[in-house]
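Here is the structure we will look at.
There are 2 protein chains.
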Amino acid sequence: MMYKNLDQLPSYTTLKNLASHPFDLAAPWALTAHRLQSYVCSSAGFDLLYGTQRIDEQVLAALQKLADEGDAVKQFQAMKSGAVMNRIEGYECENRQVLHTATRDVFSDAPREPRASGQARRELEKLKKFLEDLDNGNIVNGKGEPFTGMVQVGIGGSDLGPRALYHALAAYRVPGRRVDFISNVDPDDAAAVLNGLDLSRTLVNVVSKSGATLETLTNEELVRQAYSDAGLDPRLHFVAVTGQGGPMDNPARYLQSFYMFDYIGGRYSATSMVGGVMLGFALGRKGFVEILGGAHEADLAAEERDIRNNISLLMALLGIWNHNFLHCETLAVLPYSQGLVRFAAHLQQCDMESNGKSINRRGESLSYQTGPIIWGEPGTNGQHAFYQLIHQGTTIIPVEFAGFRHSQYGRDIVVKETSCQEKLLANLLAQSLALATGQHDDNPNKRFAGNRPNSVLMGDRLTPRSMGALLAIYENKIAFQGFLWNINSFDQEGVQLGKKLATQLLHHFAGLRKGKSHGGGDEPGWALLQAAGLVGSRG
Amino acid sequence: MMYKNLDQLPSYTTLKNLASHPFDLAAPWALTAHRLQSYVCSSAGFDLLYGTQRIDEQVLAALQKLADEGDAVKQFQAMKSGAVMNRIEGYECENRQVLHTATRDVFSDAPREPRASGQARRELEKLKKFLEDLDNGNIVNGKGEPFTGMVQVGIGGSDLGPRALYHALAAYRVPGRRVDFISNVDPDDAAAVLNGLDLSRTLVNVVSKSGATLETLTNEELVRQAYSDAGLDPRLHFVAVTGQGGPMDNPARYLQSFYMFDYIGGRYSATSMVGGVMLGFALGRKGFVEILGGAHEADLAAEERDIRNNISLLMALLGIWNHNFLHCETLAVLPYSQGLVRFAAHLQQCDMESNGKSINRRGESLSYQTGPIIWGEPGTNGQHAFYQLIHQGTTIIPVEFAGFRHSQYGRDIVVKETSCQEKLLANLLAQSLALATGQHDDNPNKRFAGNRPNSVLMGDRLTPRSMGALLAIYENKIAFQGFLWNINSFDQEGVQLGKKLATQLLHHFAGLRKGKSHGGGDEPGWALLQAAGLVGSRG
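Quick note, the sequences are listed as chains S and U, same order.
Residues in the first sequence are numbered from 0 upward in steps of one, following numbering that gives the first Met the number 0.
Residues in the second sequence are numbered from 0 upward in steps of one, following numbering that gives the first Met the number 0.
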């Protein structure tokens, strides 16, 4: 395939023209029942309500053309089939396949990429055995007691996605099991978590593909020391998820090693063993397999060419419409589900690390915006926080709402004639409407301009299966946007410069520890250490 | 005072001209030691390093003039002295004083606004007695056992600020005491929290100024029912923080009521009893008083006219420079301190609800941007998540970093010649430098444009006192920005429309519960309920 830039696709001009007079959501009778009910896209167990976006039939037709001209679905299929999508033509780069979809393409005899799905299956078999050994008392602590807790030590993709899923599915935990997370190199992170734990009954799952992530290795050492201090043998407690043959693939130090592979980026690794070991421990093997099933269903649904039947692709295109044509720089993801409390934080990585790029796949600078800034907190909490600005601020913020018809725990009461769940859903839909329609009033402080574009992703209940689907819907949305922006969504060179400069500053700290005095001079790093009052005297 | 719009101040034009060629941080030798060490502003125990902002002496001088022309400090002093700052001239509005500063102006015999500080002192006395009764065994559960836990039930300002402070200061808890929070009307929030609690040893602190907040009343009922189901008497467990004489000021239902007053907005209420009861329980009275002391110190420091000696005012002006003159729509707040894990979420409310406004204090529409979008997560975690976009994305994101020279727990180890704390600080300063300077490279994927403006707020250690100061520094920054934008930062009319529409949708749910069928028609709310699959059949 010859990849073209977004603004080289013929429909780009069509859309630019259409964007000069986008659909007016705030006009009287704009939101007809017919509109709201026909602008619903259903796949993988979710319904996307998008009648409150600033689109009409013309825009939808142009977005469909844009998707076709940009080979969005074909690129997605190529990715799933093992094409080397993680590359920049003509420049040194990672040069890798992108096969997170293979970790859930494990249910048929003919997976799209048999080698990767075969490796995923082997890891699933290892996990099955490991979890059975925990259940059967074959793996126990030094006193022969079963494990009740797990600490996941990892950062970035080894933390955010797994943590988001754990919080989302805590309602389905195996009774008596809990998981904690340590990620930050700030020593207070580990200290606070370790403070509350019975180490003797706790497994430690250390997750690092390279086996060389600074934060993770450091935190592992902190935790190992806590085990030693408590007179416990780390070998009976520590498990690794890492690259095969890497420095952490070491039976002398770990009870068991599970493998991750170079064709899965950290931010797409929640459905690999990076999420699997912890989620299998917390939810049982069946729970994790349900997640995979939901994700696989969404992966299949994402191959549909018609944007009206492909939630991921439609969300990608609506995002591009709002971002590149209506010029909104950010996107708020606002789930009306307390379980999804950390989902936006996961999406921040998955989306912004993937699509926060300025060059195309030939290394050329781009003249249009790529990935937006993603942020959000659960509703209804956010309503009492930042919604003021979304409704009446000077910046238009597109919103992706999400919600579920039923609660997880089913513990509810009726207060003032409605249940909590009904209150939650009424608020969700009311916000969608209010942002779209706005309100006239003689008091300027009670005026709402409306025309704030938004959509609502509605599922039946947040379960392992629907969580898997939701995760994949967003992963695939992000990939589709990257394909259409013609960027490499799968590397992260932008994190390297900070690492490099941090290493230089660490040399200063190490030197001071050894009693070496710094040569002085005008090096900015040293000057900043001084300015911060961390070395020598200030100014 | 006659308030002028930002663009009516003479220095606005000066700054607009200066913004056409802002200081180039990426130029060779731009970041001299002299620059980095002289662009440090110190007050209230913090140092603000701002040499990595796109400013020079000319810009600083113009910002100083802007502050003077806009009477920034005079307005702040008027606020502290009890002026009715929460109003829109000529229109129906809240018409209230703004006196959160009075809750910490309790250390001298001559507070700025004696009535409000007198009321704050009386509540502090009640709290002292209450905490002593808990310590002395005068307040115990039905079995005569002391309380070990507290659940705070509240939302928005009654949740975010107190929760952020609790997480920040968990290292200083009274041994054996813990606090949980319930906020969301999603019934799964309460269910998940209640699942893990020993109710018999737990106090419930219900916080609502009006005594009529939907989420809070509903969650209170859910929790009361859990107490009844457990055979426990809620009267021995429930405490209220609410308006005097309001519906929740009821000794028949609460062990004790603490009062909050109409001159303190929810998002500024963490240093009132809204935070005080819970933080006093968790940290002891002394801990809470330390928070007040730090905040008071910052409130005094904010009265300094010279922007080079007033961190709050300087941060406000640098924010206006980046937002109104360099046209950056968002602001990332990135604390390198795991304790501050929920601080950005608090600031989202405090800032965006305050300054997400489109009209001035005479009800006129504004032609410039007001409050930015605030978001953030702690470093170094964020480095492995969204920093890719901050470094190499197509949108410039100003950053406010924060950090502390020392960790809270002091549990640290040396790995590869440096401690975790040193690694944390090296990363913090390296990010500040990297964003500013950027990097040239032949490989376009390794190129960083630089010129990403940022500053670093550095404290000594995150303690109750420094947390109080940090909180107030930000509260005051937000107030200064509102004064200069000429907006009312203290109301939140923008949350009303969503509430109104939610009430309409709840009527539909209530009607269905009673078996009434809906009349049909083309009402958008009903149509949306149908589209979401929540009522009837979908269109």
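Built from N, CA and C at the ideal position, the CB exists for glycine as well.
This structure is a prediction, so every number in the text was calculated from the model and none was measured.
Run down chain U in chain order and give the residues with a C-beta less than 9 Å from the C-beta of S:MET351. Result: ALA384, PHE385, TYR386, GLN387, LEU388, ILE389 and GLY392.
By DSSP's criteria, U:TRP374 is part of a beta bridge. Which residues make up the other side? In the DSSP assignment, the residues bridged to U:TRP374 are U:ALA331.
Quick one: complete alpha helix (DSSP H) runs, 4+ long, within the region 343-431 of chain U? The region 343-431 of chain U contains these whole alpha helix (DSSP H) runs: 386-391.
If we ignore side chains and look at the alpha-carbon of each, how far apart do S:GLN420 and U:ASP440 end up? S:GLN420 and U:ASP440 have their C-alpha atoms roughly 54 Å apart.
Using a Cβ distance threshold of 8 Å, determine whether the region 152-163 of chain S contacts the region 336-351 of chain S, with at least three qualifying pairs required. A contact between stretches requires three or more CB pairs, one per stretch, nearer than 8 Å, and the region 152-163 of chain S meets this requirement with the region 336-351 of chain S.
Going by beta carbon distance, what residues of the same chain come within less than 7 Å of S:ILE477, once the five residues before and after it are set aside? Excluding sequence neighbours, S:ILE477 sits near CYS349, ASP350, SER353, ASN354 and SER488.
Could you list which residues in chain U have their beta carbon closer than 9 Å to that of S:PHE508, in chain order? Listed along chain U, the residues sitting closer than 9 Å to S:PHE508 by beta-carbon distance are GLU416, THR417, SER418, GLU421, LYS422, LEU424 and ALA425.
Should U:THR147 and S:GLU328 be called a contact, given that it needs their Cβ atoms to be closer than 8 Å? Here U:THR147 is not near S:GLU328, since their CB atoms are 8 Å or more apart.
Between U:ASN309 and U:HIS166, what straight-line distance do the alpha-carbon atoms span, to the nearest angstrom? Rounded to whole angstroms, U:ASN309 to U:HIS166 spans 27 Å at the Cα level.
Got a sec: is the Cβ-Cβ distance from S:ILE154 to anything in chain U below 8 Å? So, interface residue.
Please report whether the beta-carbon of S:ARG537 lies at a distance below 8 Å from any beta-carbon of chain U. The pLDDT assigned to S:ARG537 is 44, lower than 50, so where the model puts this residue is not dependable; a value taken from the coordinates is nonetheless given after this. With 8 Å as the cut-off, S:ARG537 counts as an interface residue toward chain U.
Residues of the region 11-32 of chain U with Cβ closer than 7 Å to any Cβ of chain S, in chain order: Identification of residues in the region 11-32 of chain U having a C-beta nearer than 7 Å to some C-beta of chain S yields LEU30, THR31 and ALA32, given in sequence order.
Cβ-based burial, S:PHE106 [other Cβ within 10 Å; buried from 16]: Result: exposed.
Contact under 8 Å by Cβ, U:GLU376 with S:ALA331: Taking 8 Å as the Cβ cut-off, U:GLU376 and S:ALA331 do not qualify as a contacting pair.
How do the region 136-155 of chain U and the region 192-206 of chain U stand: do at least 3 beta-carbon pairs fall below 8 Å, yes or no? Judged by pairs of C-beta atoms under 8 Å, the region 136-155 of chain U touches the region 192-206 of chain U, as three or more such pairs exist.
Name, going along the chain, the residues of the region 180-208 of chain U whose beta-carbon falls closer than 7 Å to a beta-carbon of chain S. Those residues of the region 180-208 of chain U that come within reach of chain S (Cβ to Cβ, closer than 7 Å) are SER182, ASN183, VAL184, ASP185, PRO186, ASP187, ASP188, ALA190 and ALA191.
Which of the residues in the region 460-471 of chain S, read from start to end, lie with their CB under 9 Å from any CB of chain U? Within the region 460-471 of chain S, the residues whose Cβ lies closer than 9 Å to some Cβ of chain U are LEU461, listed in chain order.
Who are U:ARG460's beta bridge partners in DSSP? Checking the DSSP bridge columns, you'll see U:ARG460 partnered with U:HIS405.
Count the CB pairs spanning the region 353-368 of chain U and the region 401-411 of chain U that are closer than 8 Å, and state whether there are at least three. Fewer than three beta-carbon pairs drawn from the region 353-368 of chain U and the region 401-411 of chain U are found closer than 8 Å, and the two stretches are therefore not classed as touching.
Using DSSP bridges, identify the partner residues of S:VAL534. Looking at the DSSP assignment, S:VAL534 forms no beta bridge with any residue, so it has no partner.
Could you tell me the distance, in whole angstroms, from the CA atom of S:GLU56 to the CA atom of S:ALA66? C-alpha separation (whole angstroms): 15 Å.
Taking Cβ positions only, does S:GLY338 come closer than 8 Å to chain U? Judged by the 8 Å Cβ criterion, S:GLY338 is in contact with chain U.
What residues of chain U sit near S:LEU404, judged by a beta carbon separation below 8 Å? In the sequence under discussion, the amino acid at residue 404 of chain S is Arg, which differs from the Leu named in the question. Near S:ARG404 (Cβ distances below 8 Å), the residues of chain U are ALA531, GLY532 and LEU533.
With S:PHE479 and S:ALA315 assumed to form a contact (beta carbons below 8 Å), what rounded beta-carbon distance in angstroms separates them? Right, their Cβ atoms sit about 4 Å apart.
Quick one: complete alpha helix (DSSP H) runs, 4+ long, within the region 86-139 of chain U? Along the region 86-139 of chain U, the alpha helix (DSSP H) occurs as fully enclosed runs of 4 or more residues at 113-135, listed in sequence order.
Pop quiz: S:GLU289 and S:GLY467 are said to be a contact at Cβ under 8 Å. What is the actual Cβ separation, rounded to whole angstroms? In this structure S:GLU289 touches S:GLY467 by the C-beta definition: roughly 7 Å separates them, less than 8 Å.
Can you pull the chain U neighbours of S:GLN447, defined as C-beta to C-beta under 8 Å? Reading off the sequence shown, one finds Phe at residue 447 of chain S, where the question assumed Gln. For S:PHE447, the neighbours in chain U by C-beta distance under 8 Å run, in chain order, GLY493 and LEU496.
In the DSSP assignment, the alpha helix (DSSP H) including U:LEU202 goes from what residue to what residue? Here U:LEU202 belongs to no alpha helix (DSSP H); instead the beta strand (DSSP E) covers 201-207.
CB contact below 8 Å: S:GLN348 versus chain U: For S:GLN348, the answer is yes, since a Cβ of chain U falls inside 8 Å of its Cβ.
U:ASP440 - containing alpha helix (DSSP H), residue span: Following the DSSP letters along the chain, one finds U:ASP440 in no alpha helix (DSSP H), marked with neither H nor E.
Per DSSP, U:GLN151 is paired with what? DSSP, once it has assigned bridges, lists U:PHE180 and U:ASN204 as partnering U:GLN151.
Does U:MET457 have its Cβ less than 8 Å from a Cβ in chain S? Taking Cβ atoms only, chain S reaches closer than 8 Å to U:MET457, which makes this a yes.
If you scan the region 269-343 of chain S from start to end, which runs of the beta strand (DSSP E) of 3 or more residues do you find wholly inside it? With a minimum length of 3 residues, the unbroken runs of beta strand (DSSP E) contained wholly in the region 269-343 of chain S fall at 329-335.
So that I know if they touch, is there some Cβ in chain U lying closer than 8 Å to that of S:ASP67? By this cut-off, S:ASP67 is not an interface position.
Step through the CB atoms of chain U and report whether any lies within less than 8 Å of the CB of S:CYS539. Since the displayed chain S opens at 0 and closes at 538, residue 539 of chain S lies outside it and no answer follows.
Residue-chain proximity (S:ASP6, chain U), Cβ-Cβ < 8 Å: It does not; no Cβ of chain U falls within 8 Å.
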